[in-house]
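What the sequence shown shows, in my numbering, is residues 542 to 699, in sequence order.
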Amino acid sequence: MSKTSLYAQTLERLRALLHGETDEIAAMATIVGELHHTLPYFHWTGFYRVTAPGLLKIGPYQGGHGCLTIPFTRGVCGRCAREARTQLVPDVTTLPYHIACSGTTRSEIVVPVLDPTRRVRAVLDVDSDLPAAFDETDACQLAAICEFLTPLFPVVPP
Ligand code: SME
Numbered sequence: 542m543s544k545t546s547l548y549a550q551t552l553e554r555l556r557a558l559l560h561g562e563t564d565e566i567a568a569m570a571t572i573v574g575e576l577h578h579t580l581p582y583f584h585w586t587g588f589y590r591v592t593a594p595g596l597l598k599i600g601p602y603q604g605g606h607g608c609l610t611i612p613f614t615r616g617v618c619g620r621c622a623r624e625a626r627t628q629l630v631p632d633v634t635t636l637p638y639h640i641a642c643s644g645t646t647r648s649e650i651v652v653p654v655l656d657p658t659r660r661v662r663a664v665l666d667v668d669s670d671l672p673a674a675f676d677e678t679d680a681c682q683l684a685a686i687c688e689f690l691t692p693l694f695p696v697v698p699p
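Here you go:
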């Protein structure tokens with residue numbers, strides 16, 4: 542089955558599963574479980590949450606253990622949180638600031654999770670053991686999936 546069809550199925554399932562859910566951790570855990578077990582090239586799938594200014598803390602994930610804490614100043618996840626932009630990394634060995642949690646990871650995508658005021662509240666990080674596993678389809682579909690979380694974040698004053 543094509544990547545596009547797998548994402549379409551996942552999106553439909555998540556729409557049903559998340560209907561009426563108001564807890565962002567429950568929603569993140571459900572998203573990660575569905576993605577990780579549907580897309581065959583997802584070898585680590587997880588959220589990092591912004592728990593303090595400039596700090597990411599591990600959230601729900603599937604795969605081997607990841608770093609528990611990542612400052613905005615470090616890693617692909619930190620860059621995504623800092624710039625509020627998706628990071629597509631076809632070859633992690635070319636990025637000196639990539640944080641290697643697993644020696645088998647070859648490519649990575651990190652997508653920001655925004656609240657209703659478009660502030661970054663988390664990032665979705667996916668690693669693959671395959672080179673160049675992610676493309677614009679993944680970027681687009683994962684961004685659409687992260688949009689499920691947007692209304693679950695209370696708006697905080699600046
Ligand atoms: N590779 C990430 C760190 C998180 S682990 O891959 C789970 C990064 O460079 O930010």
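For each residue, glycine too, the CB sits at the ideal point set by N, CA and C.
Please read these numbers as outputs of a predicted model, since none were measured by experiment.
Per DSSP, reduced to three states, the secondary structure at residue 545 is helical. For residue 617, there is no enclosing beta strand (DSSP E); the enclosing alpha helix (DSSP H) has its first and last residue at 616–624.
Apart from the 5 residues on each side of it in sequence, residue 648 sits with its Cβ closer than 7 angstroms to the Cβ of 630, 631, 632, 633, 669, 671, 672, 673, 674 and 675 in its chain, given in chain order.
In this chain, residue 676 is not harboured by any alpha helix (DSSP H), its DSSP state being neither H nor E. Secondary structure note for residue 571: it is in no beta strand (DSSP E), and the uninterrupted alpha helix (DSSP H) holding it is 565–579. Sorting 677, 697, 615 and 638 by C-alpha distance to the C-alpha of residue 655 places 697 at the top. Residue burial annotation: residue 609 is exposed, with fewer than 16 other C-beta atoms found within 10 angstroms of its C-beta.
Residue 557 carries a helical assignment under DSSP once its states are collapsed to helix, strand and coil. Distance from residue 690 to residue 568 at the Cβ level is roughly 6 angstroms; contact confirmed, criterion being Cβ atoms closer than 8 angstroms. Here residue 595 has 612, 613 and 614 as same chain residues with Cβ atoms under 8 angstroms from its own Cβ, once five neighbours each way along the sequence are excluded.
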